[in-house]
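To start, the structure under review is shown below, and the notes come after it.
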Amino acid sequence: MEINFLIHGLFMDRVIRLNTRVQLQDTATFTDLLEAIRPHIGFDLLTCLKNGSENPIILLNGENLRLPNGLDQPLRIGDEVSILQAVAGG
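Sequential numbering from 88 applies to the sequence shown in the working numbering.
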């Protein structure tokens, strides 16, 4: 299946910006997606999310995907996943 994937922000001290389509197995979960995008973003976002070193906003079809339960969230054809790093300042 194909899903739309967007990641944008400062992760692991690097600016990451990627908007692409990702091919996954029909039974894929959010964890499978994170493993599939690793070569494209150059770091292991799954491990960063699990250990709390990164805490981005994660949206699945515009709805907030809460971790850690969201790691097992099944994906469907045409889903849109966005990972955005929150920015603070004043």
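Glycine included, each C-beta is placed from N, C-alpha and C at the ideal position. Quantities reported herein were computed from a predicted structural model and do not represent experimental measurements.
Beta carbon proximity, residue i to chain D, threshold 9 Å
i: VAL168; result: Any reference to chain D falls outside this structure, which holds one protein chain only.
Euclidean distance between Cα positions of residue i and residue j
i: GLY139; j: VAL168; result: 20 Å
i: HIS127; j: PHE92; result: 11 Å
i: LEU105; j: ILE94; result: 5 Å
i: ARG153; j: ASP159; result: 11 Å
Top-ranked residue by Cα proximity to residue i, from the options
i: MET88; options: ARG108, GLU122, PHE130, LEU171; result: ARG108
i: LEU111; options: LEU146, ILE144, PRO126, ILE90; result: ILE90
i: LEU147; options: ARG125, THR118, LYS137; result: THR118
i: PHE98; options: LEU133, LEU152, GLU141, THR114; result: GLU141
i: THR114; options: ALA173, VAL174, ARG163, ILE170; result: ARG163
Bridge partner(s) assigned by DSSP for residue i
i: LEU93; result: ASN106, SER169
*If you scan the region 95-155 from start to end, which runs of the beta strand (DSSP E) of 3 or more residues do you find wholly inside it?*
Counting whole runs of 3 or more residues, the region 95-155 contains the beta strand (DSSP E) stretches 101-110, 144-147.
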